[in-house]
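Participant: Take the sequence shown: its position 172, counted from the start at 1, is 172 in the UniProt record's numbering, and no numbers get skipped. For each residue, glycine too, the CB sits at the ideal point set by N, CA and C.
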Amino acid sequence: MPSSSDYPRMTQSCEEMRTALSARLDAEDTGLTQATLLDDHLAGCADCRAWQAAAEQVTLIIRQPMGVPDLTAPILAAVAQQRQADFAGRKRILQIALGLSAVVQLALAIPGLLVAGVDLHTSREAASFDIALAVGFALAAWWPERARAFVPVAFVLAGCLTLTSAFDIAAGATLVAHEISHVAALAQAGLLLALSRRVSSGRASAPRQVTVA
1 MPSSSDYPRM TQSCEEMRTA LSARLDAEDT GLTQATLLDD HLAGCADCRA WQAAAEQVTL
61 IIRQPMGVPD LTAPILAAVA QQRQADFAGR KRILQIALGL SAVVQLALAI PGLLVAGVDL
121 HTSREAASFD IALAVGFALA AWWPERARAF VPVAFVLAGC LTLTSAFDIA AGATLVAHEI
181 SHVAALAQAG LLLALSRRVS SGRASAPRQV TVA
């Protein structure tokens, strides 16, 4: 607002009127009698009219809305992009873990096809079975969209191996140390399930075009 020093000819009455004018500009109730006195005073006081015009200009500038850009759409897009990046990182970790388990299983199974033993036929059948599983896990790691189809097979295998190992250990037919390798089947089944769920959740939360009204 313009200060009183801008108008040296201001009287005590002008000071009171300008205080009332300032209240009116701030939408404060000055009362009917006060409003009439203001109008009468303005009609006969050029200085106060000039002060009022300057005050109205300042008020208009102050109350003018600032041009704030709407950043809703860019923010939502950035959040969605970050979420997709986090999802891709976690999926990649599961793929690598499952792929490594398949490589290890394959490396352990191949010698069973070549090394002679007491029960050569059974050893080769078991090795062939492990190689087939390793290839399946490797394919699931390479194409995670197909991981879901392998989940039932992996869990049935892990469950059967766990049960038979428990029965054989209880019957004294084998030792716990010999059955520890079957823990890998449980780990592979868990990795496969986690990867398939990650792929399914990724499809459900795929980024869509953000439209802000």
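1) How would you call residue 215, buried or exposed, if buried means at least 16 neighbouring beta carbons within 10 angstroms?
2) Check each candidate in Leu106, Ala53, Leu193 and name the one with the smallest Cα separation from Ala127.
3) Closest to Ala23 by C-alpha separation, out of Ala185, Ser196, Gln52, Ser13, would be which residue?
4) Do you know offhand how far Ala132's Cα is from Glu125's?
5) According to DSSP, is Asp86 helix, strand or coil?
6) With DSSP as the reference, label Cys14 as helix, strand or coil.
7) Mapping the DSSP letters down to three states, classify Pro111 as helix, strand or coil.
8) Smallest Cα separation from Ala138: which of Ala187, Thr72, Val199, Leu100?
9) Straight-line CA distance for Pro111 to Ser123?
10) So, is Ala81 buried or exposed, given that buried needs 16 or more other C-beta atoms within 10 angstroms?
11) Pop quiz: Ala134 and Leu195 are said to be a contact at Cβ under 8 Å. What is the actual Cβ separation, rounded to whole angstroms?
12) Cα separation between Ser200 and Ile96?
13) For Ala27, does the three-state DSSP call read helix, strand or coil?
Facilitator: Let me lay it out:
1) In the structure as shown, the chain begins at 1 and stops at 213. Residue 215 is therefore absent and cannot be evaluated.
2) Answer by Cα proximity: Leu106.
3) Looking from the CA of Ala23, the closest CA among Ala185, Ser196, Gln52, Ser13 belongs to Gln52.
4) One alpha carbon belongs to Ala132, the other to Glu125, and they sit about 11 Å apart.
5) Asp86 sits in a helix when the DSSP states are folded into three classes.
6) In the structure shown, Cys14 sits in a helix (DSSP, three-state: H, G or I).
7) Of the three classes helix, strand and coil, the one that applies to Pro111 here is helix, per DSSP.
8) Nearest in C-alpha terms to Ala138, of all of Ala187, Thr72, Val199, Leu100, is Leu100.
9) Whole-angstrom Cα-Cα distance: 10 Å.
10) The amino acid at residue 81 is misidentified as Ala; the sequence shows Gln. Exposed, since its Cβ has fewer than 16 Cβ neighbours within 10 Å.
11) 16 Å between Cβ atoms; not a contact.
12) The C-alpha of Ser200 lies about 18 Å from the C-alpha of Ile96.
13) When secondary structure is reduced to three states using DSSP, Ala27 falls in the coil class, being assigned neither helix nor strand.
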